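One structure below.
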Amino acid sequence: MPTREELIDYYSRKESEYLGKYLLNDRAHAHVGIYDPERQPELFRSGWVDSDLGVDRLKMLMHLGQERSVSELFQLASEWLTEPEPKTLDCGAGLGGTSILLAERYGLRVDALTIVPSQGRHIQREADRLNLAGLVTARVGDVFSPDDWRPSKPYGLIMSFDAFSQMGRKETVFDILARTQRAGGVLAFSDHYVASRTSEIAAYYNKYWVSEISSLQETVSALTAAGYRIRYLRDRTDRQIPYWGLSVAYSEITTSDRSTARRLETKSFHEAMKAAHHGGDMQYYQVVASKV
Ligand SMILES: C[S@@+](CC[C@H](N)C(=O)[O-])C[C@H]1O[C@@H](n2cnc3c(N)ncnc32)[C@H](O)[C@@H]1O
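So, in structure tokens, the structure goes:
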């Protein structure tokens, strides 16, 4: 299990890299994108993306896929919502891209939870600047200490992108989240899974990303044990593979022989992720569940 200090250290080292790579249209999404082979066949053809596209175009393509990932999951979740504008938790909010998008596009009131204080400050600053302070509230806290962040009113919707695999202990996380929702509340998330927790790729992922990744099977059991019923379970592995190609092409342009070891490590990690998703050692799923 990553400690609070390890997570804060990881994200403080990454913050400027993330902002440079992901900040576009006032939103920085630190999660993978979802792409459509009919609309963007060139991203699926060879598996590699041409770095000649240039930094701006690569950033735009990553961003569009990331926004599609949020809107796709929100549409799926909406089918199960019992109220039109549910109070929402963005669980593991990063730099707030999802929270801001949900507030701006769908008018939702969103609590953006992160364990990293500098991310909380960034989110609140952006929400204020965009006149969304009435809708987006940054909450800095550890998901495992709900007394520090849980509001009195239950959440109608909880969304999470590429964050649960970093939190570990899914049985506990889902149990805590279930206690913040009434019956009928919806929990929707997108995340990575490993076929085996003891595989080499799981160890590499956890070491690089300060995480504790699990299998889909463990996740489904933990959801059921916490009192959720699964409504949607959709394999999006193939649809997100282009994200890694875009990210590797971005690294090729922005990394040189003089780049820091950390930047070179990022490039290698993204190449390995792409290969692992291709090879079936890693999967990416969208899950929608509702509390019974
Ligand atoms: C990769 S980021 C994803 C960010 C965001 N969902 C996005 O898509 O842009 C993972 C996030 O999970 C948060 N996180 C990890 N462990 C946490 C914990 N125990 N409690 C609260 N937040 C946590 C991190 O602070 C970070 O904001």
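Going by our numbering, the letters in the sequence shown line up with residues 28 to 319, in that order.
A virtual CB, placed ideally from N, CA and C, is assigned to each residue, including glycine.
Keep in mind that this is a model prediction, so the values were computed, not measured.
For Q93, there is no enclosing beta strand (DSSP E); the residue is found in the alpha helix (DSSP H) stretching over 82-105. Here D117 is near V137, since their CB atoms are less than 7 Å apart. Per DSSP, L204 is one residue of the alpha helix (DSSP H) stretching across 197-205. Summarising the contact set, residues whose Cβ lies nearer than 5 Å to any heavy atom of ligand 1 are, in chain order, H56, A57, H58, G119, G121, G124, T141, I142, V143, D169, V170, F188, D189, A190, Q193, M194.
Secondary structure at D308: coil, using DSSP grouped into helix, strand and coil.
Rounded to the nearest whole angstrom, the C-alpha separation of K48 and R266 is 21 Å. F216 is bridged by DSSP to S187, V314. Going by DSSP, Y235 is part of the alpha helix (DSSP H) stretching over 227-236. In chain order, Y62, P269 place their CB closer than 6 Å to the CB of L70, counting only its own chain and leaving out the 5 sequence neighbours on each side. According to DSSP, residue pairing for R54 in a beta bridge involves L51. Here G121 is buried: its Cβ has 16 or more other Cβ atoms, across all protein chains shown, within 10 Å. DSSP places A165 in the strand class (E or B) of the three-state scheme.
With contacts defined as CB atoms closer than 7 Å, Y220 and R263 fail to qualify as a contacting pair.
In this structure, DSSP gives V137 an extended state, which the three-state scheme calls strand. Taking C-beta separations shorter than 6 Å and ignoring five residues to either side along the sequence, the partners of G119 in its chain run S187, A190, following chain order.
Where R156 is concerned, the enclosing alpha helix (DSSP H) starts and stops at 144-156. Each residue's CA atom was taken as its position, placing E298 and V237 some 18 Å apart.
With fewer than 16 other beta carbons inside 10 angstroms of its own, K234 counts as exposed. The Cβ neighbour count for R132, taken over all protein chains shown within 10 Å, is under 16; the residue is labelled exposed. Scanning its chain for C-beta atoms nearer than 8 Å, with the 5 sequence neighbours on each side dropped, one finds around S278 the residues R290, T293, K294, H297, in chain order. DSSP places V221 within a strand segment (E or B) once states are collapsed to three.
As the crow flies, the alpha-carbon of R177 is around 32 Å from that of M89. Between the alpha carbons of I228 and I35 lies a distance of about 23 Å.
Beta-carbon to beta-carbon, Q313 and R258 are separated by about 11 Å, too far to satisfy the 8 Å threshold. Beta-bridge pairing by DSSP links L116 to D138, I185.
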